[in-house]
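Structure record follows, encoded as structure tokens.
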Amino acid sequence: MEKPRSATMESSKPLRFRVAQKTDAALIHHMVSELSAFLGDTEKHVARAEDYAEHGFGDVPAFEAVIAELDGEAVGMCLYFNSFSTWQGKPGFYVQDLYVSNKARGLGLGRKLIEQVAAIGRDRGCCYLRLSVDAANLSAQGFYEACGFQWSESEKIFAVKGDAFRVLSGGSSGGQEA
68 MEKPRSATME SSKPLRFRVA QKTDAALIHH MVSELSAFLG DTEKHVARAE
118 DYAEHGFGDV PAFEAVIAEL DGEAVGMCLY FNSFSTWQGK PGFYVQDLYV
168 SNKARGLGLG RKLIEQVAAI GRDRGCCYLR LSVDAANLSA QGFYEACGFQ
218 WSESEKIFAV KGDAFRVLSG GSSGGQEA
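Its first residue numbered 68, the sequence shown is counted upward by one per residue in my numbering.
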């Protein structure tokens, strides 16, 4: 994998970006927990650190992440995975989560993390980044627009999960066969 670039914050504190390793599974879990708390969705975050270790690292990882460290302390993360545009015939990345700790907010770290992921994508032949934003998180929407993302008027996100997913996939629901 490409090495993320180093940078220096305006405060002249050393900032380093690195690719997440399996040993970062607990750190990733912690950051996603913090993000879910920030969004008021702690009950929805049911993943365990072991889930991140199992699915994020191995022969075919389900995701990758870039970790930002300020003075040697992890203060941010951008978690993403491969995507493909059938209309453009090109790969891209879907940004699942962008997290910056409270102590590092306002330093431009979120944009720098997005730039790191975009550079990795460019080096792999990707031509886009996609993401979705919590409808109530207006500050995040403004942030992504400032980074150059455009709101899609023509698309709506649908999801199927839980019992509905089990039924759709031919599994059982609530102990009953579908």
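All C-beta atoms, glycine included, are put in the ideal place defined by N, C-alpha and C.
Here DSSP, grouped into helix, strand and coil, assigns Arg-85 to strand. Under DSSP, Pro-158 takes part in a beta bridge, and its partners are Phe-151. Leu-174 and Val-234 have their C-alpha atoms roughly 46 Å apart.
Around the CB of Ala-93, fewer than 16 other CB atoms lie within 10 Å, so the residue is classed as exposed.
In the three-state scheme derived from DSSP, where H, G and I count as helix and E and B as strand, Ser-100 is classed as helix. Here Ala-87 is near Ile-95, since their CB atoms are less than 8 Å apart.
Comparing alpha-carbon positions, the option among Leu-196, Gly-177, Leu-176 lying closest to Ala-185 turns out to be Leu-196. Residue range 229 to 235 is occupied by the alpha helix (DSSP H) that includes Val-234.
If you draw a straight line from the Cα of Glu-136 to the Cα of Val-142, it is about 6 Å long.
Looking at Leu-106, Ser-206, Asp-91, Asp-108, the one whose alpha-carbon comes closest to that of Glu-140 is Asp-91. Pairing Ala-213 with Leu-165, the inter-Cα distance amounts to about 15 Å.
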